[in-house]
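Inspection log for the structure reproduced underneath, given as structure tokens.
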Amino acid sequence: MIAIACDHAALGFKAALIEHMRGRGLEVRDYGTHTPDSVDYPAYAEKVALAVQSGEAEKAVLVCGTGIGMSIAAGKVRGTRCACCSDVYSAVLSRQHNDANILCMGARVLGEGAAIMILDAWLDTEFEGGRHARRVSMYAEIEGRQ
249 MIAIACDHAA LGFKAALIEH MRGRGLEVRD YGTHTPDSVD YPAYAEKVAL AVQSGEAEKA
309 VLVCGTGIGM SIAAGKVRGT RCACCSDVYS AVLSRQHNDA NILCMGARVL GEGAAIMILD
369 AWLDTEFEGG RHARRVSMYA EIEGRQ
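Residue numbers (this note's numbering): 249 to 394.
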């Protein structure tokens, strides 16, 4: 299952991403927001990150105005590896080298077409493991020292 959430700046953007993922046959769970009313985006980022942390969701997608705020908030949840991406290359490497389990994008930064290309690249790319696995395991070590 893929979890998804947005803030008020990305409501229509999120709907397009959900439709695209469901069109690919993916199960998607929408964690909000569902209205254009102003909301505090960290609450939605936390809901999605906790779904990933618990294993309820395999991966997640977050969208806000720039992608920055939600990526910072999601990164505060242990076990999450959130990548804010505005291009396909970064999305691919976030999966190959960093095993990112949350993709964050900015609705005010990207058009829907570019976002769908980034999303597809991210979903279709596997973690390479190997030398990268050691580095990814260091993320948990850092979290453990906090």
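Where is the CB? At the ideal position from N, CA and C, for every residue including glycine. Just so you know, these numbers come straight off a predicted model, no measurement behind them.
Count the other C-beta atoms from every protein chain shown that fall within 10 angstroms of the C-beta of Asp255, then say buried if there are 16 or more, exposed otherwise.
Within the sequence shown, numbered from 1, the residue matching residue 255 stands at position 7. Asp255 comes out buried.
Same chain only: Cβ atoms within 7 Å of Lys375, ignoring 5 sequence neighbours per side:
Within the sequence shown, numbered from 1, the residue matching residue 375 stands at position 127. Checking the sequence, you will find Phe at residue 375 rather than Lys. Once the five neighbours on either side are set aside, the close Cβ partners of Phe375 are Arg343, Gln344 and Asp347.
Measure the alpha-carbon distance for Cys330 versus Pro284 and round it to whole angstroms.
Mapped onto the sequence shown, residue 330 falls at position 82. Mapped onto the sequence shown, residue 284 falls at position 36. A direct Cα-Cα distance of roughly 24 Å separates Cys330 from Pro284.
Could you tell me the distance, in whole angstroms, from the CA atom of Thr409 to the CA atom of Ala321?
In the structure displayed, the chain extends from 249 to 394; residue 409 sits before or after that span and is not available.
Thr328 versus Cys352 - alpha carbon distance:
The residue labelled residue 328 in the question sits at position 80 within the sequence shown. The residue labelled residue 352 in the question sits at position 104 within the sequence shown. Each residue's alpha carbon lies about 12 Å from the other.
Residue range of the unbroken alpha helix (DSSP H) whose run includes Ala369
For the purposes of this step, residue 369 is taken as the residue at position 121 of the sequence shown. Boundaries of the alpha helix (DSSP H) around Ala369: Glu360 to Asp372.
I believe Ile250 touches Lys262 by the beta-carbon criterion, under 8 Å. Please report the beta-carbon distance rounded to the nearest angstrom.
Mapped onto the sequence shown, residue 250 falls at position 2. Mapped onto the sequence shown, residue 262 falls at position 14. Contact between Ile250 and Lys262 fails: their C-beta atoms lie close to 12 Å from each other, not under 8 Å.
Give every residue of the same chain whose Cβ lies closer than 7 Å to the Cβ of Leu298, excluding the five residues on either side of it in the sequence, and list them in chain order.
Within the sequence shown, numbered from 1, the residue matching residue 298 stands at position 50. Correct list, in chain order: Val325.
Report yes or no: is there a C-beta of chain C within less than 8 Å of the C-beta of Val336?
Looking at the structure shown, chain C is missing, and only one protein chain is on hand.
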